[in-house]
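Take a look at the structure set out below.
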Amino acid sequence: MRTLFLNPPSFEGFDGGASSRWPATREIESYWYPVWLCYPAGLLPDSRVVDAPPHKISIEQTIEIGKDFELLVLFTSTPGFHVDIRMAEMMKDANPKLKVCFVGPPVTVEPEKALAHSAVDFVVRREFDYQIVNYANGTPLDELPGVSYRKNGEVVHNPEGGYIENLDELPWVTKVYKRDLDFRRYNVPFLMNPAIALYTSRGCPAMCTFCLWPQTHSGHRWRLRSVDDVVAEVAWAK
18 MRTLFLNPPS FEGFDGGASS RWPATREIES YWYPVWLCYP AGLLPDSRVV
68 DAPPHKISIE QTIEIGKDFE LLVLFTSTPG FHVDIRMAEM MKDANPKLKV
118 CFVGPPVTVE PEKALAHSAV DFVVRREFDY QIVNYANGTP LDELPGVSYR
168 KNGEVVHNPE GGYIENLDEL PWVTKVYKRD LDFRRYNVPF LMNPAIALYT
218 SRGCPAMCTF CLWPQTHSGH RWRLRSVDDV VAEVAWAK
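Taking the working numbering, I'd label the letters of the sequence shown as residues 18 to 255.
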């Protein structure tokens with residue numbers, strides 16, 4: 018299945034969302050890379066990452082892009098959830114054969130909330146790299162760990178799983194940036210410009226009560242990339 022990984026555009030007057038959408042209507046523009054979406058995209062050669070806000074891609078343009086794909090993967094957030102649902106509905110209206118998957122912390126905590134909307138076909142709780150890749154390559158939903166979906170009017174939750182232990186087996190996310198994104202569109206006020214972002218590890222053993230990521234996405238087990246793999250990617254990116 019040809020797969021579109023999407024960080025959708027914001028609606029006018031909306032100030033909230035996943036990844037780089039939260040600053041999309043602020044006075045100072047600051048855009049972060051959609052890193053989580055880019056890792057599985059690197060495992061699907063015919064996929065595409067669309068990061069709409071920094072690239073100034075409109076709602077209408079996004080809907081048009083979606084007509085060429087069979088699977089949509091949308092990283093959602095709590096403040097942007099209802100906007101994301103509306104975006105998925107419009108894309109599915111334009112392309113009725115499009116399968117829609119939501120990923121991100123909100124669907125880990127409340128998968129039923131997303132699946133209450135007919136536009137969402139399934140969600141992946143926590144890390145989602147290989148579940149998306151395997152589904153796109155034909156694996157049935159009931160064989161994928163950490164997936165929730167509807168079956169005969171009921172929500173089914175597959176057992177937890179899907180954490181990647183060997184991070185070196187993942188593609189270099191910087192190659193996906195080069196393929197699909199314009200690095201000149203990204204900036205963070207406290208970093209030198211231009212800059213890129215990549216992960217050297219996943220998970221966190223700390224128990225900070227204010228941080229959602231270990232609890233809702235990457236877990237508390239700290240998994241590291243090898244030094245050689247990180248150094249090689251940085252050297253390639255430069």
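For every residue, glycine included, the Cβ atom is placed at its ideal position computed from N, Cα and C.
For A136, the closest alpha carbon among the candidates K116, R142 and F92 is that of K116.
Note on the stretch 63-114: whole alpha helix (DSSP H) runs with a minimum of 4 residues are 69-72, 76-83 and 98-111, in chain order. Exposure of C225 is indicated by the presence of fewer than 16 other C-beta atoms within 10 angstroms of its C-beta. Segment contact: the stretch 56-73 against the stretch 179-196, three or more CB-CB distances shorter than 8 Å; contact assigned.
Taking F200 as the centre and dropping the five residues before and after it, the same chain places the C-beta of Y194, P211 and I213 closer than 7 Å to its C-beta, in chain order. Apart from the 5 residues on each side of it in sequence, K84 sits with its Cβ closer than 7 Å to the Cβ of A111 and N112 in its chain, given in chain order. Judged by their CB atoms, E87 and M18 are nearer to each other than the 8 Å cut-off. If you ignore the 5 residues before and after I181, its C-beta comes within less than 8 Å of the C-beta of E144, D146, Y147, L187, R219 and R240, all in its own chain and listed in chain order. Cβ-Cβ distances below 8 Å link C228 to C221 in the same chain, with the five nearest sequence neighbours on each side left out; the list follows chain order. For a cut-off of 8 Å, the C-beta gap from G121 to S94 is around 6 Å, short enough to register as a contact. The beta carbons of V90 and F22 sit about 5 Å from each other, so the pair counts as a contact at 8 Å.
As a beta-bridge residue in DSSP terms, S218 pairs with L241.
By the neighbour-count definition (other C-beta atoms within 10 Å, threshold 16), A69 is a buried residue.
Note that the C-beta distance between V67 and I82 is below 8 Å. Where Y152 is concerned, there is no enclosing beta strand (DSSP E), although the alpha helix (DSSP H) around it starts and stops at D146 to A153. Closest in C-alpha terms to T20, from the list I102, R167, L60 and V52, comes L60. Around the beta carbon of T125, 16 or more other beta carbons sit within 10 angstroms, so the residue counts as buried. Nearest to N204 by C-alpha distance, out of Y50, P26, N24 and P25, is Y50. Around the beta carbon of R142, 16 or more other beta carbons lie within 10 angstroms, which makes this residue buried.
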